[in-house]
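Residue numbers (UniProt numbering): 1 to 472.
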């Protein structure tokens with residue numbers, strides 16, 4: 001406590017400003033009574049406390065300082081402050097409480113303390129000029145700011161990560177104040193504005209984008225700032241681009257609107273794809289329809305969601321007559337089999353391809369059904385009526401050919417029997433007539449044998465037709 005006695009001697013009524021005789025301006029305190037009180041106060045401090053003389057030599061350290069540095073007190077006393085304290089690099093320094101900076105008789109700065117084992121840690125230093133008249137000149141209160149530095153580093157890391165994520169988003173993200181000044185934006189708007197991201201903050205959107213002096217007519221940002229309600233809309237810009245814009249109000253702690261955040265996504269490619277889809281949808285020769293599966297009174301039913309003009313022609317109903325109505329309502333005679341097939345696709349998501357004859361439309365179709373989402377089914381109708389009819393005609397033709405072959409075989413047998421009778425009778429006839437009859441009978445017999453041979457050869461062709469054209 002010797003050092004404290006010296007401090008108390010310097011910290012005497014003769015060395016203090018008027019009205020500062022002791023801690024509580026209580027004249028009953030003596031220097032001897034003040035020493036243990038001051039000692040207790042310094043030892044109980046949560047900060048590191050250092051007393052320095054004019055040259056910066058340490059004259060006193062408290063318990064916290066010795067413990068933090070890992071040095072014995074008797075070794076610290078007499079060391080120069082530069083032995084344990086070094087300047088904090090400016091780029092690593094934290095923002096200081098400005099109310100404490102450059103106040104009279106006090107200086108606030110950041111520094112780095114070096115422990116006995118060589119390790120370092122950051123500290124916030126409050127240095128006061130001691131008002132006494134003795135050798136002691138400076139009183140230092142130093143607080144370990146390791147956790148604060150780690151916290152700030154994490155915040156910066158999180159901010160950098162947030163910026164990286166926001167820049168990776170393929171949308172224009174812009175923060176405006178109430179006067180339409182750009183406060184912040186990610187990288188994407190730079191392409192639209194023709195400026196670097198760093199050059200945008202502080203600029204007014206309608207000036208740099210549209211060369212205007214007033215907000216645009218129907219400005220979504222203006223509507224949100226004035227109304228305080230988010231707005232999402234799709235619109236076409238003057239340059240031909242289609243965009244989807246979502247604008248949200250920004251409120252202060254009191255609930256007042258102080259600006260707006262705009263998210264703007266270029267949907268030109270999507271719009272172009274939609275346009276091409278609609279052209280295909282409207283001009284395709286195949287009927288296309290989208291149903292929603294509904295269960296009504298325990299029975300599956302299909303409600304029309306979309307239908308193209310080709311399906312209109314098939315059904316004989318206009319699109320507005322189809323949309324919103326169900327199959328069982330529009331076609332009361334119903335077709336449970338086809339509805340069940342569509343219901344299975346809508347429930348399982350498994351596509352199906354099949355052929356179907358629709359007695360309502362009186363047409364044959366090849367149907368490709370798939371589920372655009374669970375509970376829905378889309379069906380593409382390809383009219384194959386002519387193909388089916390042609391196949392039926394082909395089948396009937398092949399059946400007729402088969403019959404002709406069979407009849408020819410029967411005919412051959414029927415010719416041979418009377419031919420044998422004719423030959424027998426000719427033998428009994430006069431020689432001259434018999435010879436002529438036998439000659440003609442022989443010719444007929446050769447023709448019949450030839451037909452038999454061709455019949456046997458045709459069997460291979462018939463086997464091929466039966467195998468590849470199932471017409472039996």
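The beta-carbon is built from N, C-alpha and C at its ideal position, and this holds for glycine as well.
CB contact flag (residue 343, residue 318, <9 Å): Sequence index remark: in the chain shown, residue 343 carries index 343 (1-based). Sequence index remark: in the chain shown, residue 318 carries index 318 (1-based). Taking 9 Å as the Cβ cut-off, residue 343 and residue 318 do not qualify as a contacting pair.
Secondary structure of residue 130, DSSP reduced to three states: Here residue 130 is taken as the residue at index 130 of the chain shown, counted from 1. Residue state, collapsed to three classes: coil.
Residues near residue 247 by beta carbon distance below 6 Å, same chain, minus five either side: Mapped onto the chain shown, residue 247 falls at position 247. Taken in chain order, the residues that qualify are 220, 221, 224, 231, 260, 262.
Coil, strand or helix - residue 56 by DSSP: As a first step, residue 56 must be located in the chain shown, where it is residue number 56. Looking at residue 56 - three-state DSSP - the assignment turns out to be coil, as it is neither helix nor strand.
Proximity winner among 242, 229, 153, relative to residue 267 (alpha-carbon distances): Counted from its first residue, the chain shown places residue 267 at position 267. Out of 242, 229, 153, 242 has the C-alpha closest to the C-alpha of residue 267.
Coil, strand or helix - residue 273 by DSSP: Along the chain shown, one-based indexing puts residue 273 at 273. Looking at residue 273 - three-state DSSP - the assignment turns out to be helix.
6 Å Cβ shell around residue 455 - same chain, five flanking residues per side excluded: Taking the first residue of the chain shown as position 1, residue 455 is located at position 455. So the qualifying residues of the chain are 409.
Exposure of residue 435, with buried meaning 16 or more beta-carbon neighbours within 10 Å: Sequence index remark: in the chain shown, residue 435 carries index 435 (1-based). Flag for residue 435 reads exposed.
Rounded Cβ spacing between residue 88 and residue 110 (contact assumed at less than 8 Å): Here the question's residue 88 lines up with position 88 in the chain shown. Here the question's residue 110 lines up with position 110 in the chain shown. So it is a contact: roughly 4 Å between Cβ atoms.
DSSP state of residue 63 mapped onto helix, strand, coil: Looking up residue 63 in the chain shown gives position 63. Helix, per DSSP.
Inside the segment 358 to 409 only - beta strand (DSSP E) runs reaching at least 3 residues: 363 to 370, 376 to 383
Neighbourhood of residue 203 by C-beta distance below 6 Å, restricted to the same chain and skipping five residues each side: Mapped onto the chain shown, residue 203 falls at position 203. 182.
Residue 364 versus residue 270 - alpha carbon distance: Translated into positions along the chain shown, residue 364 becomes position 364. Translated into positions along the chain shown, residue 270 becomes position 270. Distance between the alpha carbons of residue 364 and residue 270 is about 35 Å.
Residues bridged to residue 308 (per DSSP): Mapped onto the chain shown, residue 308 falls at position 308. According to DSSP, residue 308 bridges with nothing at all.
Pick from 291, 390, 300, 211 that is closest to residue 373, judged by C-alpha positions: Counting from 1 along the chain shown, the entry for residue 373 is found at position 373. Nearest C-alpha to residue 373: 291.
For residue 299: DSSP bridge partner residues: Start at 1 with the first residue of the chain shown, and residue 299 comes out as number 299. DSSP output for residue 299 lists 296 as bridge partner(s).
Among 278, 244, 214, 258, the one whose alpha carbon lies nearest that of residue 226: Residue mapping note: residue 226 aligns to position 226 of the chain shown, counting from 1. For the residues 278, 244, 214, 258, the minimum Cα distance to residue 226 belongs to 258.
Beta-carbon proximity of residue 131 to residue 146, cut-off 9 Å: Mapped onto the chain shown, residue 131 falls at position 131. Mapped onto the chain shown, residue 146 falls at position 146. Taking 9 Å as the Cβ cut-off, residue 131 and residue 146 do not qualify as a contacting pair.
Beta-carbon proximity of residue 173 to residue 49, cut-off 9 Å: Here residue 173 refers to the residue found at position 173 when the chain shown is read from its first residue. Here residue 49 refers to the residue found at position 49 when the chain shown is read from its first residue. No.
Assigned exposure category for residue 249 - 16 Cβ within 10 Å defines buried: In the chain shown, residue 249 corresponds to position 249, counting from 1. The residue is buried, with at least 16 neighbouring Cβ atoms inside 10 Å.
Collapsed DSSP secondary structure at residue 413 in the structure displayed: Counting from one through the chain shown, the residue named residue 413 turns up at place 413. Helix.
Continuous alpha helix (DSSP H) stretch holding residue 320: start and end: The residue labelled residue 320 in the question sits at position 320 within the chain shown. Here the alpha helix (DSSP H) through residue 320 covers 319 to 322.
Span of the alpha helix (DSSP H) around residue 223: Counting from 1 along the chain shown, the entry for residue 223 is found at position 223. First-last of the alpha helix (DSSP H) with residue 223: 220 to 227.
Per-residue DSSP class, three states only, for residue 332: By one-based count along the chain shown, residue 332 stands at place 332. Residue 332 falls in the coil class under three-state DSSP.
Whole-angstrom distance between residue 265 and residue 236, CA atom to CA atom: For the purposes of this step, residue 236 is taken as the residue at position 236 of the chain shown. For the purposes of this step, residue 265 is taken as the residue at position 265 of the chain shown. So the alpha carbons of these two residues sit roughly 12 Å apart.
Cα-Cα separation between residue 386 and residue 360, rounded to whole angstroms: Here the question's residue 386 lines up with position 386 in the chain shown. Here the question's residue 360 lines up with position 360 in the chain shown. Going by the C-alpha atoms only, they are around 17 Å apart.
Nonlocal neighbours in the same chain, by C-beta distance under 6 Å from residue 437, ignoring five residues either side: Along the chain shown, read from residue 1 onward, the residue named residue 437 stands at position 437. Excluding sequence neighbours, residue 437 sits near 426.
Extent of the continuous beta strand (DSSP E) to which residue 73 belongs: Counted from its first residue, the chain shown places residue 73 at position 73. Not the beta strand (DSSP E): residue 73 falls in the alpha helix (DSSP H), residues 73 to 76.
Burial state of residue 94, where buried means 16 or more other Cβ atoms lie within 10 Å: Stepping through the chain shown from its first residue, residue 94 is reached at position 94. The residue is exposed, with fewer than 16 neighbouring Cβ atoms inside 10 Å.
Separation of residue 125 from residue 18, as counted between CA atoms: As a working mapping, residue 18 is identified with position 18 in the chain shown. As a working mapping, residue 125 is identified with position 125 in the chain shown. Legend: pLDDT at residue 18 = 38, less than 50; position of this residue unreliable, no value from coordinates given.
Proximity to residue 218 [Cα-Cα], best of 82, 245, 201, 199: Here residue 218 refers to the residue found at position 218 when the chain shown is read from its first residue. Checked all of 82, 245, 201, 199; the closest Cα to residue 218 is 245.
Beta-carbon gap between residue 369 and residue 403 smaller than 9 Å: Numbered from 1 along the chain shown, position 369 holds the residue referred to as residue 369. Numbered from 1 along the chain shown, position 403 holds the residue referred to as residue 403. Cβ atoms of residue 369 and residue 403: not closer than 9 Å.
Residues near residue 45 in its chain [Cβ-Cβ closer than 8 Å; skip 5 each side]: The count along the chain shown starts at 1 and reaches residue 45 at position 45. Here the set comprises 62, 64, 141.
Residue 198 - DSSP class collapsed to helix/strand/coil: Reading the chain shown from its first residue, position 198 is the one you call residue 198. Of the three classes helix, strand and coil, the one that applies to residue 198 here is helix, per DSSP.
Which listed residue (57, 84, 128, 179) has its alpha carbon closest to that of residue 135: Within the chain shown, residue 135 is the residue found at index 135, counting from 1. Out of 57, 84, 128, 179, 57 has the C-alpha closest to the C-alpha of residue 135.
Alpha-carbon spacing of residue 326 relative to residue 299, whole angstroms: The sequence position of residue 326 within the chain shown is 326, counting from 1. The sequence position of residue 299 within the chain shown is 299, counting from 1. About 12 Å.
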